[in-house]
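There are 2 protein chains.
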Amino acid sequence: MTYDTLLYAHSGGVTAVINATAAAVIVAAREQRGRVGRVLAAHRGIGGVLREDLIDTAAFDAVALERLARTPGGAFGSCRFDLPRDDGGAVMDRLFAVFDAHRIGWLLYNGGNGSMDAVARIQAEACRRGHPLQCVGVPKTVDNDIVGTDCCPGFGSAAKYLATSMLEAGLDIASMVGAKGSVFVMEVMGRNTGWLAAATALAAGGDPDRAPHIVLVPEVAFDEDAFLARVQAVTQRLGYCAVTVSEGIRRADGSLIQEKSRDPRGYVQLGGAGSEVARLINSRLGYKFHWAIPDYMQRAGAHWLSATDREQAMAVGRAAVEYALDGHGGSMPAIRRLQDLPYRWDVTPIETAPIANLERRLPNRFVAADGLHVTQMACDYIRPLIMGEFAQPTVDGLPDYRGFEMVRVNRLLPNWVG
Amino acid sequence: MTYDTLLYAHSGGVTAVINATAAAVIVAAREQRGRVGRVLAAHRGIGGVLREDLIDTAAFDAVALERLARTPGGAFGSCRFDLPRDDGGAVMDRLFAVFDAHRIGWLLYNGGNGSMDAVARIQAEACRRGHPLQCVGVPKTVDNDIVGTDCCPGFGSAAKYLATSMLEAGLDIASMVGAKGSVFVMEVMGRNTGWLAAATALAAGGDPDRAPHIVLVPEVAFDEDAFLARVQAVTQRLGYCAVTVSEGIRRADGSLIQEKSRDPRGYVQLGGAGSEVARLINSRLGYKFHWAIPDYMQRAGAHWLSATDREQAMAVGRAAVEYALDGHGGSMPAIRRLQDLPYRWDVTPIETAPIANLERRLPNRFVAADGLHVTQMACDYIRPLIMGEFAQPTVDGLPDYRGFEMVRVNRLLPNWVG
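Chains as they are written, first to last, in our numbering: chain A, 1 to 418; chain B, 1001 to 1418.
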C-alpha cells in the first residue's frame, strides 16, 4: 500500500491569507503528480480528520484556486480542538486509522502555537509506530506569536488593516474636535501579546500629534493613573486623543480590564477592554468618547491585503509541501528576515517540538519606557510586513469571493464517537 | 466693494469623500478666476465663520488638491452647531459682518438636513438685508437621509465599506462554526434611518444562507421574540448567524436597545445596540457571540472608496459653484437617478427651504414584511452607489494621507464672544 495522499488541515482562528496558504499547498502538491496522488483537505480542521470528513481538492480548477488564494476566512473550515494527552491514545489511534484508510502519507497542519504542538506529537507518534506519515507544520496567526519565525502569515494583513483604520479614524476624529475634548478608543485582538496593537502605531509615522497617541499592550500592566494623565495631556494639547487597546490588557494584579456587571434584568454584562477604557476616560475626565471594535473584520479584511503577507502565506505553503516530500516530518517553514530596507526574506525549516506551545511576546525594546506606546524599533520591524497592495477583483462593487464546490471523500471507517 | 470671495464650510459628521467635494469646489472656483477672487474655507465649520477663523486655499497647489480629493475626514475641520432662532439675530449679524469684512459673495455650505436649514435661512436673511450673498447647499451625509436627492455623497463609500465588512466577517465566522452555534453582530451607524444597515444586505447577494441573515433597522420596532426565533432558526440550519444592527433600533415603546447599568464602582455603563443584542442572544439562546463596532472606520474608509460616490461628491461640489455664481442662492445640487442598470445619474438644483430638517427614512417597500431584513428593492437601489473602486496611492503600505499646510486669513473684526 502506497501512502501517496497529501492532507491539508488548519486549526484555530482564521486569517485573510490562510486560503492563500491552502491554495499554494494544493498547487505545489499537484506539481508533484508522480509522487502525490490525491490532495485532500480536512473539513473543519483536525476535527474533520477525526470525523473522516475530508474534501477532495481535485474539484478545484485553476479559476477556483486563483479565487481561493485571495478569499478571506478558511474555506475548508477550522476548529478549536487540542489533541488530548490523557485519553489513552484513542484520538491518536483514530487519526492513524484515517491516515491508513485514505493512504495519507503527508499531513500539512496550518496553525499557531497549539497546532505546532500537534505537529510534533503526531510526528513522534508516526515514528513510534513506524508509520510512513510525514507531518509538517505551516505557520499562521494574526497574533504573530509563534516562536522561531520572524513573523506569521496573517499578521501582516491584519496589521495593515488596523494601521489603516487608525490612520483613517484619526483623520475623522481630528475633523470633529470640539471645545470639550473627545477620545477615540480602538480595541484590537491580542489576548496575551501586543503585536496587533503595536501595528497601529504605524499610522502615526513617528509624529506624536497623530493617532494613535497611546498604545496599550498586554505586556505592560495597565496603570490607570498614568494612562489618564496622558489622555488628559494629549487632549489638552490637541483637543482629542486616540487610543489603541489590546483586548488582553491587565492590571498589575493580573485582572483583565473588562467589566463584569449585571444589567437591571440580572444578565451578566461583559464589556471588552475598549469600552471599559473609553468609559473610564469619560467618567474620570468627562470627555466625549467613541470606540471601535473591528473584531473579525481585522483578520478578514482581504479587500486590503498586505501583498508581502500574501506572498509569505503562499511561500510557507509551498515550502511545507517540499519539506513533507523530503521526509522532514516534524518541521515547519519559518520566515527569516535577511534585511530590513529594502525588506528581504526567505523560508527555512525549523523543528516544531522545541517551539510548540511557546508564545512570543513583544520584546522590551519594542515597548516605550513609560508603557504607553511602542517604540520606533517596533514600527521598523512591522513596516515591511504591511507593504504592498493586492487588487481584489470585484463584482458589483464587492470583492469577488464566490464560494467553492466542496466534494466529499467517501467515508471508509465507522463513525467517530470521541 | 465687490463681493468676489467664495467661502466653503462644512458641518456635522464627516465622510470619506467630503474632501473630494471641497477639492472640487476649489478647482471649479479657480476656473472662474475672472469673477471669483479668493477661495476661502472655514476652519471647523460655521463656528469658524463666526470666529473669523478662515483658511486661504490658495496655498493648495495641484498636488495638494489631488491628495485632498482622496483624503477622508474633513481637512478644514467640522463642528456640530445649529444656527439659533432665539438669539435676537446676534449670530446672523456676526455672520454678515464676516461676509462683509472678507467680501464674501458666495457661501457653499456642505452638510446634511440641519445644514440645509441653515442655507435656507442665511439666504433668506441675505434677501431681507439686500445683501449680495448667494448661499448654496452641498449635500453630504453617510446617513443618506436628505430629502430630494436620490442619494447623499458619503453614503456610497460607507455602504461599500460595511457591505464588504459583512461579507468578509461572514466568511470568517462561517469558517469557525462549532457545535454550540455562534453569532456575529455588527452595529452600524444610523440613529433614525436604516440606510447603512440595509447596505450590508448586499453582502448576501440575495442568498438566505449568506451573511447578514438578519438586518435590524430603526424604521421597524424591535420585536425581541421574533428576532430570537429567527436567530435560532438560522443557527440551527447553518451553525451560525450574522446580524446587522442599526445603532438606533428601538422597542415598540420607543426605548432604545441600549443598556444603562452600573458597574461595581457605580459608573453608568452605556452599551450600544450591538453589544446589547449580542448579549441578549447569548443569555436567551446560549450561543457564543462576537460583535463588531466599526464606528468612525465606516465613514472614514477611504482605502476602499466607492468610485461612484467619489464622482458624485465632486459633481455636487462643481454644481454648487455653478449655482452660486448663477445667483441661485438657497438651492442645493440634488442627484437624480436616470437609470438603474447601467446606472446613470445627473445633478440638478432643488430648493433647500422645503427640505430643510426633513429626514428620509427607508420606505416600506425596502423593508421585509417580517421586519427582520431588507428587500431586493433596497439592494437594487443601493448597489449602483457602491460600484467602482479607487486605487489610493500608498506610502510604506498605508494610504498617502499626508497633511496640508493651512494658511490663515488675517482677522479684521473684534473677537466673537457668542
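Glycine included, each C-beta is placed from N, C-alpha and C at the ideal position. Just so you know, these numbers come straight off a predicted model, no measurement behind them.
- DSSP places Gln-1134(B) inside the beta strand (DSSP E), whose first and last residues are 1134 to 1139.
- In this structure the segment 289 to 309 of chain A lies against the segment 152 to 165 of chain A, because at least three pairs of beta carbons, one per stretch, are closer than 8 Å.
- With respect to the 9 Å criterion, Gly-330(A) and Ala-120(A) are classified as neighbours on the basis of their beta carbons.
- Close to Lys-1180(B), with beta-carbon spacing below 7 Å, lies no residue of chain A; the smallest spacing is near 11 Å.
- For Asn-110(A), the enclosing beta strand (DSSP E) has its first and last residue at 104 to 111.
- For Cys-241(A), the enclosing beta strand (DSSP E) begins and ends at 240 to 246.
- Here Val-234(A) is buried: its Cβ has 16 or more other Cβ atoms, across all protein chains shown, within 10 Å.
- By the rule that beta-carbons nearer than 9 Å mark a contact, Lys-1140(B) does not touch chain A.
- Secondary structure within the segment 175 to 225 of chain A: the alpha helix (DSSP H) runs of 4 or more consecutive residues, fully enclosed, are 195 to 199 (chain order).
- One Cα belongs to Gly-272(A), the other to Glu-1187(B), and the distance between them is close to 15 Å.
- Among the CB atoms of chain B, none fall inside 9 Å of the CB of Cys-151(A).
- DSSP links Gln-1339(B) through a beta bridge to Arg-1344(B).
- Burial state of Thr-1002(B) is exposed, judged by a 10 Å Cβ sphere holding fewer than 16 other Cβ atoms.
- Contact between the segment 163 to 181 of chain A and the segment 345 to 364 of chain A is absent: fewer than three C-beta pairs spanning the two stretches fall below 8 Å.
- Contacts with chain B at 9 Å (Cβ-Cβ) do not include Cys-241(A).
- Annotated three-state conformation of His-1328(B) is coil, per DSSP.
- Going by DSSP, Thr-5(A) is part of the beta strand (DSSP E) stretching over 5 to 10.
- Neighbourhood of Ala-1163(B) in chain A, by CB distance below 9 Å: Gly-397, Leu-398, in chain order.
- Cβ neighbours of Val-36(A) within its own chain (closer than 7 Å, five residues either side excluded): Asp-4, Leu-6, Ala-29.
- Close CB contacts of Val-183(A) within its chain, under the 6 Å cut and outside five residues either way in sequence, are with Cys-241, Ile-281, Tyr-287, Phe-289 (chain order).
- Not one beta carbon of chain A lies nearer than 9 Å to the beta carbon of Ser-1115(B).
- Among the residues of the segment 1043 to 1058 of chain B, those with a Cβ less than 8 Å away from any Cβ of chain A are Arg-1044, in the order of the chain.
- Within the segment 1 to 56 of chain A, the complete beta strand (DSSP E) segments at least 3 residues long are 5 to 10, 39 to 42, 54 to 56, listed from N- to C-terminus.
- The beta carbons of Pro-1153(B) and Val-1316(B) sit closer together than 9 Å.
- Cys-1079(B) places its beta carbon less than 9 Å from that of Ile-1046(B).
- For Phe-184(A), the residues of chain B that pass the 9 Å Cβ criterion are Asp-1295, Tyr-1296, in the order they occur in the chain.
- Taking a contact as a CB-CB distance under 8 Å, the pair Glu-219(A) and Gly-194(A) counts as one, their CB atoms being some 5 Å apart.
- By alpha-carbon distance to Val-1217(B), the top candidate from Pro-1363(B), Ala-1101(B), Ala-1391(B) is Pro-1363(B).
- Here Pro-342(A) is exposed, its C-beta having fewer than 16 other C-beta atoms within 10 Å.
- In the DSSP assignment, Arg-1408(B) is bridged to Ile-1055(B).
- Around the beta carbon of Met-1377(B), fewer than 16 other beta carbons lie within 10 angstroms, which makes this residue exposed.
- Near chain A, meaning a CB-to-CB distance below 9 Å, the residues of the segment 1363 to 1394 of chain B are Arg-1383, Pro-1384, Leu-1385, Ile-1386, Met-1387, Gly-1388, Glu-1389, Ala-1391, Gln-1392, Thr-1394.
- No Cβ of chain A is located within less than 9 Å of the beta carbon of Glu-1066(B).
- Beta-bridge partners assigned by DSSP to Ile-1350(B): Met-1332(B).
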